[in-house]
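FYI, the numbering for the sequence shown is 58 to 297, going by the working numbering. For reference, the structure is listed below as structure tokens.
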Amino acid sequence: MQWYQAVFSRIEDVTERHKRFWLTIEGIKNFEFTPGQFITLELPIDEEKRPKRWRHYSIASPPNGNTIELIIVRVPGGKGTTYLFDVAKVGDKVPLRGPLGKFTLPEDISSVDICLIATGTGIAPFRSMLWHIHNKNIPHKNLFLIQGARNLKELLYYEEFLDLEKRLKNFRYIPVLSRETPPNWHSYKGYVHQVYKEMFKPREDILFYLCGLRNMIDEARDNLTQMGFNKKQIKFEAFD
Ligand SMILES: Cc1cc2nc3c(=O)[nH]c(=O)nc-3n(C[C@H](O)[C@H](O)[C@H](O)COP(=O)(O)OP(=O)(O)OC[C@H]3O[C@@H](n4cnc5c(N)ncnc54)[C@H](O)[C@@H]3O)c2cc1C
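Printed below as a string of structure tokens:
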């Protein structure tokens with residue numbers, strides 16, 4: 058697997074604990090990957106063994122040239138994110154390896170519905186997939202995005218997905234807030250689980266993609282199998 062040199066080309070605060078990072082990969086024009094894949098960064102975090110300096114991040118942007126976007130949450134006491142949030146600055150270089158992973162959509166999605174379920178930064182691979190489908194005009198059936206967060210502020214890319222819903226045919230965006238009901242909130246309150254339980258009945262022509270922390274993924278896998286979906290219809294990527 059090839060290592061590249063990347064440079065932090067832009068960094069933006071989103072909330073007190075989320076940042077967007079743009080990395081530009083040097084020496085190539087196009088960084089080719091399949092939406093849903095991740096990269097590994099080797100961070101200067103002073104561990105003896107090299108793999109202990111490695112942290113994985115899903116690519117949050119669709120393929121487009123040699124710059125990729127990451128969305129990262131600060132993990133209290135976490136070595137990698139403490140470095141990324143408190144030390145890394147625009148212009149710094151970082152070794153980057155990838156693309157890696159098999160959390161990707163089937164090549165042909167013209168005859169299967171896709172339901173993407175994310176909490177927190179688990180939204181990253183889905184943002185890449187959805188924009189790619191939009192940008193490349195990929196034939197598709199129904200696309201559902203169920204996105205959970207504590208409050209509106211932490212609903213990452215909220216405005217953008219509302220906009221995408223208007224532009225991407227057969228795409229339905231369903232945000233869910235667990236700890237806040239903003240004025241004029243027309244979507245769900247609670248957790249992502251109640252939403253897919255309400256929306257879907259067992260059938261073969263749908264695939265579920267789950268991304269976020271293990272607790273959410275385990276609960277969703279249990280629920281979906283109990284509802285009657287086949288394990289082969291459920292793909293997942295756990296971040297912890
Ligand atoms: C395939 C893959 C893709 C990933 N993509 C992303 C991404 O797009 N955005 C992102 O923010 N993170 C992502 N992660 C998590 C990331 O790799 C790191 O684990 C995370 O940034 C914490 O690193 P750290 O060095 O700060 O914490 P560490 O010191 O390595 O670990 C501290 C503890 O935090 C737990 N932990 C890891 N991630 C989280 C989290 N998100 N919230 C709470 N606890 C956590 C770990 O299990 C560990 O117990 C991904 C992980 C994998 C395996």
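For every residue, glycine included, the Cβ atom is placed at its ideal position computed from N, Cα and C.
Under the three-pair Cβ rule at 8 Å, the segment 155-162 does not count as touching the segment 65-74. For V151, the CB stays at least 7 Å from every heavy atom of ligand 1. Restricted to the segment 220-280, the beta strand (DSSP E) segments that are unbroken, complete and at least 3 residues in length are 228-234 and 263-269, listed in chain order.
In this structure, T178 is the residue among R67, P108, T178 and Y140 with its C-alpha nearest to the C-alpha of R271.
Residue range K150 to L157 is occupied by the beta strand (DSSP E) that includes P152. Distance from the CA of S66 to the CA of D143, rounded to the nearest whole angstrom, comes to 16 Å.
Listed in chain order, the non-local C-beta contacts of G247 below 7 Å within the same chain comprise V233 and S235, local neighbours out to five positions each way being set aside. By a beta-carbon distance limit of 8 Å, H189 does not contact P101. Their separation comes to about 32 Å.
For A295, there is no enclosing alpha helix (DSSP H); the enclosing beta strand (DSSP E) covers residues I291 to A295. Summarising the contact set, residues whose Cβ lies nearer than 5 Å to any heavy atom of ligand 1 are, in chain order, F95, R112, H113, Y114, S115, I129, V130, V132, G135, K136, G137, T138, T178, A181, F296 and D297. By alpha-carbon distance to A175, the top candidate from D275, K198 and K150 is D275.
Fewer than three Cβ pairs drawn from the segment 191-200 and the segment 133-147 lie within less than 8 Å of each other, which leaves the two stretches out of contact.
Excluding sequence positions up to five before and after S115, its CB lies within less than 6 Å of the CB of F95, A181 and P182, all in the same chain and listed in chain order. Residue environment analysis places I231 among the buried positions, since at least 16 neighbouring C-beta atoms fall within 10 angstroms of its C-beta. The C-alpha of K106 is placed about 48 Å away from the C-alpha of N227. DSSP places A175 within a strand segment (E or B) once states are collapsed to three. Around the beta-carbon of Q204, 16 or more other beta-carbon atoms lie within 10 Å, marking it buried. Under the DSSP assignment, I203 falls in the beta strand (DSSP E) whose first and last residues are L200 to A206.
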